[in-house]
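Notes follow the structure.
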Amino acid sequence: MKAIVVTDQAAGTAGMRLVERPEPKPALNDVVVQVHASGSTPGELTWPSTWTDRLGRDRTPSIPGHELAGVVSALGYGTTGLSVGQRVFGLTDWNRDGTLAEYAAVEARNLAPLPGDVDFTVGASLPISGLTAWQGLFVHGRFQAGQSVLVHGAAGGVGSMVTQLAKEAGGHVVGTGRAADRQTALDFGAQEFVDLDNDTLEDVAGVDLVFDVIGGDIQKRSAGLVRAGGTLVTIAGPPEAQPADGLTVDFVVEADRAQLRELVQRIRDGRLRTNIGTVAALDDAVAAFNPTERAKGKTIIRVRS
Numbered sequence: 150m151k152a153i154v155v156t157d158q159a160a161g162t163a164g165m166r167l168v169e170r171p172e173p174k175p176a177l178n179d180v181v182v183q184v185h186a187s188g189s190t191p192g193e194l195t196w197p198s199t200w201t202d203r204l205g206r207d208r209t210p211s212i213p214g215h216e217l218a219g220v221v222s223a224l225g226y227g228t229t230g231l232s233v234g235q236r237v238f239g240l241t242d243w244n245r246d247g248t249l250a251e252y253a254a255v256e257a258r259n260l261a262p263l264p265g266d267v268d269f270t271v272g273a274s275l276p277i278s279g280l281t282a283w284q285g286l287f288v289h290g291r292f293q294a295g296q297s298v299l300v301h302g303a304a305g306g307v308g309s310m311v312t313q314l315a316k317e318a319g320g321h322v323v324g325t326g327r328a329a330d331r332q333t334a335l336d337f338g339a340q341e342f343v344d345l346d347n348d349t350l351e352d353v354a355g356v357d358l359v360f361d362v363i364g365g366d367i368q369k370r371s372a373g374l375v376r377a378g379g380t381l382v383t384i385a386g387p388p389e390a391q392p393a394d395g396l397t398v399d400f401v402v403e404a405d406r407a408q409l410r411e412l413v414q415r416i417r418d419g420r421l422r423t424n425i426g427t428v429a430a431l432d433d434a435v436a437a438f439n440p441t442e443r444a445k446g447k448t449i450i451r452v453r454s
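Counted from 1, the sequence shown has number 228 at position 79 by the numbering used here; the numbering is strictly sequential.
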């Protein structure tokens, strides 16, 4: 099968190569998915799990990408809940070969059914951004109607999901980003926008929740904007600051079938939309992940037309 592999961590996305690899076999409780569309996040090439297994042993050449939508082509021993020929989407394990390939082996519990009226490209763009937004807001941030949230990167893949879900839940959303991102963030549902290059972040009144995707100085400054009893949630690594009378939560997204079902239902009835930028064929994936200009939206690889 065709697959994108990486072997050199220092090379980053420039070290991606299109090669031939053996088709995977399903292990216990696995399914093999014939991949129709695949998503990847740029930061994964810095993660140890891309380069080593759970015992720290080198596992290159490894196949990156952890989001997929496709059709189940084989079942492993003991697998229940899914069937051959079923349309599925979901999030694969960090320490195994990923989804930038024609086939991928995935634990069945990490997948959810993909309804027939949802395109594979949309399905592949949903798992990481959607689950990260859902878990950061509702699981770790305990966000409720009537509360306010400051969403960093509100025009990005995760931030646009946070913005939509928070607004649907009855919250007040303050988005941040670059000046060029203002209209996109407002279109996704932010009621206010802070241009981090030209506006003063500290002018934001106390919020119940900060959703941080940036880290560093922005994260430190944001901690002071959380009102008593509120929470700063971050996916940008170990937090460097904590609200004076609140909590800081650093988390890594996890696969969750029930949450995937909630997200895809919102896609179907128009309450949620993904932020897709470039869509490229597998043969063009290396170039797509090495753009000459700043990429807007999530890059999706259409493995099968």
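In this text, a Cβ means the ideal position worked out from N, Cα and C, and glycines have one as well.
All values reported here derive from a predicted model rather than from experimental measurement.
According to the DSSP assignment, T270 belongs to no beta strand (DSSP E) but to the alpha helix (DSSP H) extending over 269-274. Annotated three-state conformation of L299 is strand, per DSSP. Along the segment 226-298, the alpha helix (DSSP H) occurs as fully enclosed runs of 4 or more residues at 269-274, 276-283, listed in sequence order.
Excluding sequence positions up to five before and after G247, its CB lies within less than 7 Å of the CB of I212, P213, G214, H215, T241, A253, all in the same chain and listed in chain order. Runs of the alpha helix (DSSP H) lying entirely within the segment 165-210, each at least 4 residues long, are absent.
Boundaries for E351: no alpha helix (DSSP H) harbours it, and the DSSP string shows neither H nor E there.
Restricting attention to T397, F438, T209, the CA atom closest to the CA of K447 is found in F438. In terms of Cβ geometry, G306 and V298 do not form a close pair [threshold 9 Å]. Here R245 is buried. Its C-beta has 16 or more other C-beta atoms within 10 Å.
Scanning S198, A304, V180 for the CA closest to the CA of R331 turns up A304. As DSSP reads the structure, L224 sits in a beta bridge with V180.
Sequence-distant Cβ neighbours of L280 in its own chain, meaning closer than 8 Å and more than five residues away, are L240, V402, E403, A404, D405, Q408, L409, L412. In this structure, DSSP gives R376 an extended state, which the three-state scheme calls strand.
Across the set G338, I363, Q340, Q368, the C-alpha of Q368 shows the shortest separation from the C-alpha of E351.
About 5 Å separates the beta carbons of V322 and A339, which is inside the 8 Å limit, making them a contact pair.
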